[in-house]
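**Student:**
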Amino acid sequence: MESKLKAEESNNTVMEFVLLGFSDVPSLQWILFGIFLVIYLIILLGNSIIILITRIDPTLQNPMYFFLANFSFLEICYVTTTVPRMLRDIWTKNGNISFFACAIQMCFVLIFGGTECLLLTVMAYDRYVAICNPLHYPAVMNHRLCIQLVAGSWISGFPFEIGQTCQIFSVSFCGSNIINHFFCDIPPVLKLACGDTFVNETLVYLVAVEFFMVPFLLIIASYAKIISNILKLSSARGRVKAFSTCSSHLTVIVLSYGTAGMTYLQPKSDQPKGKGKLISLFYTILTPMISPIIYSLRNKDVMMALKKLLPKLLT
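Residue numbers (the working numbering): 5 to 319.
1) Ignore the nearest five residues each way along the sequence and tell me which others in Glu-20's own chain have a CB closer than 8 Å to its CB.
2) For a quick check, are the C-beta atoms of Ile-53 and Ala-73 less than 7 Å apart?
3) Assign Phe-59 to buried or exposed, taking buried as 16 or more other Cβ atoms, counted over all protein chains shown, within 10 Å of its Cβ.
4) Quick test of the definition: if touching needs 3 or more C-beta pairs under 8 Å, does the region 103-123 touch the region 71-86?
5) How long is the line joining the alpha carbons of Ser-251 and Ile-57, rounded to whole angstroms?
6) Along the beta strand (DSSP E) that carries Ser-102, what are the first and last residues, could you check?
7) In its own chain, which residues sit with a C-beta less than 6 Å from the C-beta of Met-293, not counting the 5 before and 5 after it?
8) Taking Tyr-261 as the reference, which of Ser-27, Phe-286 and Thr-249 has the closest Cα?
9) Assign Leu-196 to one of three DSSP states: helix, strand, or coil.
10) Tell me whether the beta-carbon of Ala-309 lies closer than 7 Å to the beta-carbon of Asp-130.
11) Helix, strand or coil for Phe-187, going by three-state DSSP, please let me know.
12) So, helix, strand or coil for Phe-26, using DSSP?
13) Answer with buried or exposed for Ser-226, where buried requires no fewer than 16 other C-beta atoms within 10 angstroms of its C-beta.
14) From the DSSP output, in three-state form, read off Val-175 for me.
15) Quick check on Cys-188 - is its C-beta less than 7 Å from some C-beta in chain D?
16) What do you reckon, are the CB atoms on Leu-23 and Ile-283 nearer than 7 Å?
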């Protein structure tokens, strides 16, 4: 194990990294493997069920559930980028990852993370139109626009995140090759770079502002108008119903933005050793696991669709 943790150098350039993962707690390796495997299966099952019921249940054929199905598919993609590799590393006790594989993993994590922020913004806009302009909702949120919004969320992040990955891996890595993380994330990788990384960190913050802060401010603006409209409703029952359609989405937003923001908007030097791994567990594993549960328990239509589907699956 000691030889694996030594820097591998060729002409003073690191050609391979070692993901430390959770090897610093060797006594818990198999327990962690079991926990993460169960969580991964729950994520696959929960989000797949959300996709299935939004496709086959007639009562869920509207823009809100179309966006929810895409969000669930995105969560599956996002988690699959990191968790299978982590499980493989724990099983084999070998965290070696090539320079190219590390860059590819980071690129997809950034793409899916950026897409998630944009899709959450689209979902907030959908709630804004539904609550603030209910009479025009069918005309505004037509099928064509919904597809365009989803496609835009997926496509727009590609050039930025690919460019960001290229600029991060264009720096020299000539010292340690040990990444104190369970996947190739920006902060722990930049810590291994030689020389001054001020320009790289600045570009990271600029992209983070574009894909985290700008969508977040748009979400805040949408919900400010939504809450203002809800408070104007004369019926208490109407206010409760309107709030219930937004509460699950708001909960997911807080979980996603809160933990991801702590990673990408905090200076590299201010992140204590090991803290990044714990924070990353929330937005890469726990949030995708909790999201289907939140959307199911807080939504009567989804619960009714599940009650109709479960007997069919069990028979």
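Every residue gets a Cβ at the ideal spot worked out from N, C-alpha and C, and that includes glycine.
**Tutor:** For this structure:
1) Glu-12, Asn-100, Ile-101, Ser-102, Phe-103 and Asn-181
2) no
3) The sequence given here places Arg at residue 59; Phe does not occur at that position. By the 10 Å Cβ count, Arg-59 comes out exposed.
4) yes
5) 20 Å
6) 100-102
7) Ile-43, Ile-46 and Ile-47
8) Phe-286
9) coil
10) no
11) coil
12) coil
13) buried
14) coil
15) In the structure shown, chain D does not exist; there is a single protein chain.
16) no
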